[in-house]
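> One structure, as structure tokens, below. Some questions next.
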Amino acid sequence: MTEGATEAAAATVELETLVSLAKRRGFVFPSAEIYGGFASTYDYGPLGVEMKRNIRELWWRRMVQERSDVVGLEAAIITNPAVWQASGHVDSFTDPLVDCLGCQSRVRADHIEDETCPVCGAVGRFTDERQFNLLFRTFVGAVQEEAATAYLRPETAQGMFVNFDNVLQSTRRRLPFGIAQIGKSFRNEITTGHFTFRMLEFEQMEMEYFCDPEDSLEQYAYWKQERLAWYRSLGIRPDRLRLRDHAAEELSHYSSATADVEYLYPWGWGELEGIAHRGDFDLKAHAEASGKTLSYFDPEREVHVVPHVVEPAAGVDRILLTLLVDAYDEEVDERGEKRVLLRLAPDVAPVTVAVLPLSRNERLVPTARGVWDRLRPHFRTQYDDAQSIGRRYRRQDEVGTPLCVTVDFESLDDEAVTIRDRDRMSQIRVPLGGLVEALRQRLAELQPKEEVVA
Ligand code: GAP
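If you use our numbering, the sequence shown corresponds to residues -7 to 446, in order.
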């Protein structure tokens, strides 16, 4: 079942075009490229890291700082392996795999349609299905033996469950309340492709919302809408976003109900975020395995309850990819030349204001540098004086910079500069004294209006 999207057109940018732009302009590089790269692993360049920071900060502000009922946590990536035994990951975190007898490719059995190999097209020529565990193993200590095995976490969520009582005791919370965390997770993914959509090492932003079992379905419905609204607030086109409820056979081993926020990628609808009703699966599993009590004492009813959990689980990398895909646009200008632009909202754009002197003329440079000094404390800025002003506008359009400030010879006399708008390509003249305020105002106007879910 789906809700949210109307008639939608899939994002049209070819993934190859985007991968090339991302590398050329310093968003995302293939990891260890000088050694031929590494499967499904990427490094973030100067613009990519700025965008990732924006995504994390926007999520944290919405999910933690603006709320009265959610607190933060940072748990270890490598922890006691008993956690992953109890959570079910050691036994059940698996993908069903088959080998194609035609091309020897290893593919996910549940991704095969009409008995056809997605790599070579051979029909009905597969080995029997085997379960493949996605956990990355390592060894702790001097001896590499089975008893020293530990795992890189495959999700941040378990850190919140094993710290449930610590947070409860140290913050004296009442139900419902949430624990949020941002951090790296690792999965030995076999099916790869689609750039940063599925990686071995990626960053998650997860929140476990602990609630009374009786309220949990209402909370689940609330979080589905709230998370969809957040993606709209980032400026993602609403007709390329939808909520899709999982069918029973798709549910993870821990979940009694799950919905995905999906985006219409160039290759079709795909998961952007999962919102799971995890019930009491995790707290009960850890209580049983550790022998500790993991429950909440309700002072009004004077009963102990094991809270149920609703979990919105997002991925920073996948959001960044989605924002790039969604923002990519091409236009033909009045001279018949192609203009490539990223229509990124100011909140997520890696650079919000670029300072461009009309030329490198030595009379202009001190004023232009002075403008840059003035703007750096207030905005994410870039100074660019290489090549013609037209080419520099195009470069800024291509990385999604909403506003450019141009310093020209007139600026030396009238102490004013030009603000050039990425989307409208309009220009206005503004006195230097009011520049910060004028830029702030225009950026605020460009920001999509926030929806708040009651
Ligand atoms: N704790 C629940 C959980 O981990 P998930 O649906 O497996 O749920 C949540 O992951 C989100 O993490 C996904 O919606 C996606 O955004 C991101 N994610 C998961 N695996 C990923 C991978 N291999 N590469 C990039 N992002 C991934």
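Beta carbons are placed, not taken as given, at the ideal position from N, Cα and C, and that holds for glycine.
1. Taking buried to mean at least 16 other C-beta atoms within 10 Å of its own C-beta, is residue 81 buried or exposed?
2. Suppose only complete runs of 4+ residues qualify. What are the alpha helix (DSSP H) ranges in the stretch 27 to 81, listed by chain order?
3. Taking Cβ to Cβ, would you say residue 347 is nearer than 8 Å to residue 373?
4. Kindly indicate which residue of 65, 256, 130 and 75 has the alpha-carbon position closest to the one of residue 318.
5. Determine the DSSP secondary structure at residue 259, reduced to helix, strand or coil.
6. Would you mind sorting residue 300 into buried or exposed? The rule is 16 or more other CB atoms within 10 Å of its CB.
7. Using three-state DSSP, classify residue 158 as helix, strand or coil.
8. Helix, strand or coil: how does DSSP classify residue 320 here?
9. Considering only the alpha carbon of each residue, which of 125, 91 and 122 lies closest to residue 462?
10. When DSSP builds the beta bridges, which residues end up paired with residue 125?
11. Is it a yes or a no for the stretch 433 to 440 touching the stretch 391 to 398, going by three-plus beta-carbon pairs under 8 Å?
12. Sort 12, 53 and 408 by Cα distance to residue 226 and report the nearest one.
13. Would DSSP call residue 412 helix, strand or coil?
14. In this structure, how does DSSP classify residue -7 when only helix, strand and coil are distinguished?
15. Classify residue 228 as helix, strand or coil using the three-state DSSP reduction.
16. Using the Cβ count rule (16 or more neighbours within 10 Å means buried), how would you classify residue 203?
17. Grab the span of the alpha helix (DSSP H) containing residue 278 for me, first residue to last.
18. Check whether the Cβ of residue 194 sits closer than 7 Å to any heavy atom of the ligand GAP, and report yes or no.
19. Pick helix, strand or coil for residue 176, following the three-state DSSP scheme.
20. Since residue 70 and residue 130 are thought to touch, with beta carbons under 8 Å apart, how far apart are those beta carbons, to the nearest angstrom?
21. Using DSSP with H/G/I as helix, E/B as strand and the rest coil, what is residue 168?
22. Measuring from the CB of residue 220, is there a heavy atom of the ligand GAP at a distance below 7 Å?
23. Less than 8 Å between the beta carbons of residue 17 and residue 332, yes or no?
24. Taking the DSSP output, what are the residues bridged to residue 266?
25. Give me the Cα-Cα distance between residue 271 and residue 187, rounded to the nearest whole angstrom.
26. So does the stretch 134 to 147 actually touch the stretch 103 to 117, counting three or more Cβ pairs closer than 8 Å?
Looking at the atomic coordinates:
1. The count along the sequence shown starts at 1 and reaches residue 81 at position 89. Label assigned to residue 81: buried.
2. 38 to 52 and 74 to 78
3. Against the sequence shown, residue 347 aligns to sequence position 355. Against the sequence shown, residue 373 aligns to sequence position 381. The answer is yes: Cβ separation under 8 Å.
4. The sequence position of residue 318 within the sequence shown is 326, counting from 1. The residue with the shortest Cα to Cα distance from residue 318 is 256.
5. For the purposes of this step, residue 259 is taken as the residue at position 267 of the sequence shown. Residue 259: coil per DSSP, three-state reduction.
6. Translated into the one-based positions of the sequence shown, residue 300 becomes position 308. Buried, because 16 or more other Cβ atoms sit within 10 Å of the Cβ of residue 300.
7. Within the sequence shown, the letter at position 166 stands for residue 158. Note: residue 158 maps to helix in three-state DSSP.
8. Translated into the one-based positions of the sequence shown, residue 320 becomes position 328. It is a strand residue.
9. In the structure as shown, the chain begins at -7 and stops at 446. Residue 462 is therefore absent and cannot be evaluated.
10. Against the sequence shown, residue 125 aligns to sequence position 133. Bridge partners of residue 125: 86.
11. yes
12. On the sequence shown, position 234 is the one that residue 226 refers to. That would be 53, whose Cα lies nearest to the Cα of residue 226.
13. Within the sequence shown, numbered from 1, the residue matching residue 412 stands at position 420. Three-state result, residue 412: strand.
14. Position 1 of the sequence shown holds residue -7. Reliability of the predicted coordinates at residue -7 is poor, the pLDDT of 49 falling under 50, and no value is obtained from them.
15. Translated into positions along the sequence shown, residue 228 becomes position 236. Three-state DSSP puts residue 228 in coil, outside helix and strand.
16. If you number the sequence shown from 1, residue 203 lands on position 211. Under this definition residue 203 is a buried residue.
17. As a working mapping, residue 278 is identified with position 286 in the sequence shown. It spans 273 to 282 - the alpha helix (DSSP H) in which residue 278 sits, taken as one unbroken run.
18. Counting from one through the sequence shown, the residue named residue 194 turns up at place 202. Under cutoff, so the answer is yes.
19. For this step, residue 176 is matched to residue 184 along the sequence shown. Note: residue 176 maps to strand in three-state DSSP.
20. Against the sequence shown, residue 70 aligns to sequence position 78. Against the sequence shown, residue 130 aligns to sequence position 138. The Cβ separation is near 7 Å, so the contact holds.
21. As a position in the sequence shown, residue 168 is number 176, starting the count at 1. Looking at residue 168 - three-state DSSP - the assignment turns out to be coil, as it is neither helix nor strand.
22. Taking the first residue of the sequence shown as position 1, residue 220 is located at position 228. Flag unset: Cβ of residue 220 not near the ligand GAP.
23. By one-based count along the sequence shown, residue 17 stands at place 25. By one-based count along the sequence shown, residue 332 stands at place 340. No, they are not a contact pair.
24. The residue labelled residue 266 in the question sits at position 274 within the sequence shown. 252 and 305.
25. For this step, residue 271 is matched to residue 279 along the sequence shown. For this step, residue 187 is matched to residue 195 along the sequence shown. Near 33 Å, if we compare the C-alpha coordinates of residue 187 and residue 271.
26. no
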